[in-house]
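Numbering that gives the first Met the number 0 applies: residue 0 is where the sequence shown begins, and numbers increase by one. As structure tokens, the structure follows; a few thoughts come after it.
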Amino acid sequence: MKIRKALRFAMPFLFVAAVFAAEQATKTMTVKGYVLDSACAFTKGLKKPVSPECAVACAKAGSPLVILAPSGTIYWPIADTTPSSSQNDKLLPYAGKSVTVSGKIYDRGGSKAIVISKVETAE
């Protein structure tokens, strides 16, 4: 009986702690890197895109564009809406180029994603 009372008392606090932890898992950051198609990022082991034309052709063929940071970290651009949508249209003008991207970063299971709030060509 005492355990049930303790659990009833503790549950609201545990819920608030879980929500707070989930919010802390996302943070707004600025990332610099190259915009290239995801297939080349993984299969070719590129440190930068082959060319803007190549990245555009792959994106138009359906390959998701990603941001490849100098550290080798790949950031998957995602939408924070439901239903979700492709972010290729937002990144297509920057395909094959170095960019600075700001937005909310998500980290799950070793993958990183970014909800882009701002993107511009890097200097």
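Even for Gly, the Cβ is constructed at its ideal location relative to N, Cα and C. The structure presented is a predicted model; accordingly, all values stated were derived computationally and were not measured.
| Asked | Found |
| --- | --- |
| Can you tell me whether residue 94 is buried or exposed? The criterion is at least 16 other CB atoms within 10 Å of its CB, across all chains shown. | buried |
| Please classify residue 79 as buried or exposed, where buried requires at least 16 neighbouring CB atoms within 10 angstroms. | exposed |
| Could you give the uninterrupted runs of the alpha helix (DSSP H) lying entirely in the region 53-102, keeping only those of 4 residues or more? | 87-90 |
| Find out if the Cβ-Cβ distance for the pair residue 58, residue 87 is shorter than 8 Å. | yes |
| Distance check for residue 83 and residue 97, CA to CA, integer angstroms please. | 25 Å |
| From 56, 92 and 72, pick the residue whose C-alpha is nearest to that of residue 105; which is it? | 72 |
| Answer with buried or exposed for residue 40, where buried requires no fewer than 16 other C-beta atoms within 10 angstroms of its C-beta. | buried |
| What is the rounded straight-line gap between the Cα of residue 111 and the Cα of residue 92? | 22 Å |
| What first and last residue would you give for the alpha helix (DSSP H) that runs through residue 29? | Premise fails: residue 29 lies in the beta strand (DSSP E), 26-36, not in any alpha helix (DSSP H). |
| Going by other Cβ atoms of all chains shown within 10 Å of its Cβ, with 16 needed for buried, is residue 113 buried or exposed? | buried |
| Ends of the beta strand (DSSP E) at residue 112? | 110-120 |
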